[in-house]
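**Student:** Under our numbering, the sequence shown is numbered contiguously, ending at residue 185.
Beta carbons: idealized from backbone N, C-alpha and C, even for Gly.
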Amino acid sequence: MATTESFLVPDVPDVDPNTFGHDSGAVALTDPTHDIDGDGVLDTQTFDAGDAVVIASDLDSDGDADHLTLIHEDGDYASWEFHRDGDGVVHWEQTDGGTLGNG
Numbered sequence: 083m084a085t086t087e088s089f090l091v092p093d094v095p096d097v098d099p100n101t102f103g104h105d106s107g108a109v110a111l112t113d114p115t116h117d118i119d120g121d122g123v124l125d126t127q128t129f130d131a132g133d134a135v136v137i138a139s140d141l142d143s144d145g146d147a148d149h150l151t152l153i154h155e156d157g158d159y160a161s162w163e164f165h166r167d168g169d170g171v172v173h174w175e176q177t178d179g180g181t182l183g184n185g
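1) Could you check which residue in 172, 117 and 183 has the C-alpha nearest to that of residue 137?
2) Taking residue 158 as part of the beta strand (DSSP E), name the residues at either end of that continuous run.
3) Could you name the residues of the same chain whose beta carbon sits closer than 8 angstroms to that of residue 115, not counting the 5 residues immediately before and after it, in chain order?
4) Near residue 104, which residues of its chain fall below 7 angstroms by C-beta distance, leaving aside the five closest residues on each side in sequence?
5) What's the gap between the Cα of residue 130 and the Cα of residue 160?
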């Protein structure tokens, strides 16, 4: 029997793949669904954002994504790592990027 809980949509972070970059703020993950590092804790969330799929991981369990990969429908992708400086300033550093497939 289906219940209303069967139709709940997970809370999706607010990420705009077309403007995401170095100065983007922290990305809060509220509904991780995958455990990519095998430690028994859900740490990763995948979701659609416009014309891209976003894979966001919070490996230190602080509630904010540490790693983020954006894969656009044309095959372009970019991977980012989150940093918080000693003075509290946050920024993202691009760690990889390119085009998947024969692009």
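**Tutor:** In this structure, then:
1) It is 117.
2) Looking at the DSSP string, the run of the beta strand (DSSP E) that includes residue 158 is 158-166.
3) If we look at residue 115 and ignore the five residues flanking it on each side, its Cβ neighbours are 92, 124, 126, 127 and 128.
4) Cβ neighbours of residue 104 beyond the five flanking positions: 173 and 174.
5) Their Cα atoms are separated by approximately 15 angstroms.
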